[in-house]
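Chemist: I'd like to ask you about the structure that follows.
Residue numbers (this note's numbering): 456 to 933.
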């Protein structure tokens, strides 16, 4: 990666184009669910239809060694917004944590204190602290959002589950379907297990896009905007409208891969599922492609809305997935394990004006590094995120980025990477697994027996990390 950037890019942190009297840049997070980096064209997928991501990649920084911290929606998302590692929350899988601590630090609160107007639009798997006597939606005040429209992801809609403890908060999407007379059509699609027949803007993620377009169009506040748009796609069900499926009917798919010289430890894959039929994997992979194609179209609409509002030139776009997913890799489906297909989020950062020009970042970074980075971008000097290291040196070419290792975890296992080697380490003394992420990005060949010195060095880094960030809490159910 080029470390010396053009002068205009270096000056982005010091000089941005004012908008509505603003002196700070807008910041837009676009988070998507389950997008495995291997299924997006910026990381080499030839069958993907992701022109919007290609555009972001050509104008921004593309991260080739990013690491998310949690391997399910709940652990990843709650880790990111609070700046805490999963082990600091006791949150390793979706069922572990009912609510966050009452005094949790959150990024939106820090942005509010820095003079930003904060907004959330989209799906949520966040867990706000709440009182048993609380009435209505506790989401906005707890996290620090001035505006919020949040609902469950599509896979949970209609199951009667609350979203992070706000059982009394109405589901705005279901109300939208009632108001538009589309609820029966939606229910018929779900019952028939067919692709959606709803108009695109009435499908959940299209509805998120329309809300975002309207919000950006109507934004007139004399404050910089911190907007977090959160899509449910490409997470299943793979039921986007038929038009998005057609390009992939005959397209070649990855199929199923298998480990070459090891057997998965059961505790490492206990919440994944095995693909027993290759044809089922192909169907899932084609559906995943269709959902990604739809997702990419929605992201493009958000960028277009910012452009029409003349905000894009003064806006940092941070696109990322909460984690990846196994879609036949290792013969598995689902997530909650620590192979690279899951731990590497699809992370792209586009600075105002798109002046990064497609630079690749090969150093290991964590999603938690976004928090101190955004505080730097917002020129916040009196707030500090609980964890993470600012990416500012990588984005400006000035100074030294101090991270050399990135970490992630599930209940019984921890993973560390130095950008070349990945060690998956058992907290219960099962044998470690070692992979070369550069020559074996699918993590199919275990090198632990042949490289004990590398194993020992990476295990020592895990011990240091735990000493700095511990204690490692057990799963919590409060």
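For glycine and all other residues, C-beta sits at the position ideal for the given N, C-alpha and C.
Note that the coordinates shown come from a computational prediction; the quantities given were computed from them, not determined experimentally.
Who are residue 864's beta bridge partners in DSSP?
Modeler: Position 409 of the chain shown holds residue 864. DSSP lists 869 as partners of residue 864.
Chemist: When you compare the CB positions of residue 569 and residue 832, do they come within less than 7 Å of one another, or not?
Modeler: As a first step, residue 569 is located in the chain shown; it is residue number 114 there, counting from the start. As a first step, residue 832 is located in the chain shown; it is residue number 377 there, counting from the start. Not a contact, by the Cβ cut-off of 7 Å.
Chemist: Please confirm whether residue 669 and residue 507 have their CB atoms less than 7 Å apart.
Modeler: For the purposes of this step, residue 669 is taken as residue 214 along the chain shown, with counting starting at 1. For the purposes of this step, residue 507 is taken as residue 52 along the chain shown, with counting starting at 1. Not a contact, by the Cβ cut-off of 7 Å.
Chemist: Can you tell me whether residue 927 is helix, strand or coil according to DSSP?
Modeler: Within the chain shown, residue 927 is the residue found at index 472, counting from 1. The answer is coil: DSSP assigns residue 927 none of H, G, I, E or B.
Chemist: Going by DSSP in three states, residue 800 sits in which element: helix, strand or coil?
Modeler: Mapped onto the chain shown, residue 800 falls at position 345. Three-state result, residue 800: coil.
Chemist: Contact between the segment 673-693 and the segment 559-575: three or more CB pairs below 8 Å?
Modeler: By the Cβ criterion, the segment 673-693 is in contact with the segment 559-575, since at least three pairs of Cβ atoms, one from each stretch, lie closer than 8 Å.
Chemist: Is residue 717 helix, strand or coil when you go by DSSP?
Modeler: Along the chain shown, read from residue 1 onward, the residue named residue 717 stands at position 262. Note: residue 717 maps to coil in three-state DSSP.
Chemist: Please return the same chain residues whose Cβ sits closer than 7 Å to the Cβ of residue 711, not counting the five positions on each side in sequence.
Modeler: Working through the chain shown from its first residue, we reach residue 711 at position 256. The answer, listed in chain order, is 730, 733, 736, 783, 786.
Chemist: Between the alpha carbons of residue 638 and residue 654, how many angstroms are there, rounded?
Modeler: As a position in the chain shown, residue 638 is number 183, starting the count at 1. As a position in the chain shown, residue 654 is number 199, starting the count at 1. The alpha-carbon atoms of residue 638 and residue 654 are separated by roughly 12 Å.
Chemist: Can you tell me where the alpha helix (DSSP H) holding residue 747 begins and where it ends?
Modeler: As a first step, residue 747 is located in the chain shown; it is residue number 292 there, counting from the start. From DSSP, the alpha helix (DSSP H) with residue 747 extends over 733-763.
Chemist: Entirely within the segment 481-508 and at least 4 residues each: give me those alpha helix (DSSP H) ranges in chain order.
Modeler: Fully enclosed alpha helix (DSSP H) runs of 4 or longer: not present.
Chemist: Do residue 878 and residue 921 have their C-beta atoms within less than 7 Å of each other?
Modeler: Within the chain shown, residue 878 is the residue found at index 423, counting from 1. Within the chain shown, residue 921 is the residue found at index 466, counting from 1. Not a contact, by the Cβ cut-off of 7 Å.
Chemist: Does the Cβ of residue 908 have 16 or more other Cβ atoms within 10 Å, making it buried, or fewer, making it exposed?
Modeler: Here residue 908 corresponds to residue number 453 of the chain shown, with the count starting at 1. Classification for residue 908: exposed.
Chemist: Specify whether the segment 477-484 and the segment 762-781 touch according to this definition: at least 3 beta carbon pairs, one from each stretch, less than 8 Å apart.
Modeler: yes
Chemist: On the premise that residue 548 lies in contact with residue 946, defined as a C-beta separation below 8 Å, what is that separation, rounded to the nearest angstrom?
Modeler: The chain is shown from 456 up to 933; residue 946 falls before or after that span and cannot be answered.
Chemist: For residue 684, does the three-state DSSP call read helix, strand or coil?
Modeler: For this step, residue 684 is matched to residue 229 along the chain shown. It is a strand residue.
Chemist: Starting from residue 770, follow the beta strand (DSSP E) in both directions and report where the run begins and ends.
Modeler: Walking along the chain shown from the start, residue 770 turns up at place 315. Start and end: 770-776.
Chemist: Rounded to the nearest angstrom, how far is the Cβ of residue 647 from that of residue 693, given a contact under 8 Å?
Modeler: As a position in the chain shown, residue 647 is number 192, starting the count at 1. As a position in the chain shown, residue 693 is number 238, starting the count at 1. Residue 647 to residue 693, Cβ: 14 Å. No contact.
Chemist: If you reduce the DSSP assignment to three classes, tell me which class residue 898 lands in.
Modeler: The sequence position of residue 898 within the chain shown is 443, counting from 1. Three-state result, residue 898: coil.
Chemist: Determine whether the beta carbon atoms of residue 572 and residue 676 lie at a separation below 7 Å.
Modeler: Locating residue 572 in the chain shown gives position 117, counting from the first residue. Locating residue 676 in the chain shown gives position 221, counting from the first residue. Cβ atoms of residue 572 and residue 676: closer than 7 Å.
Chemist: Spatial neighbours of residue 848 within its chain, please: CB distance less than 6 Å, with the 5 preceding and 5 following residues excluded, ordered by chain position.
Modeler: Walking along the chain shown from the start, residue 848 turns up at place 393. For residue 848, where only same-chain residues beyond five positions count, the Cβ hits under 6 Å are 854, 855, 856.
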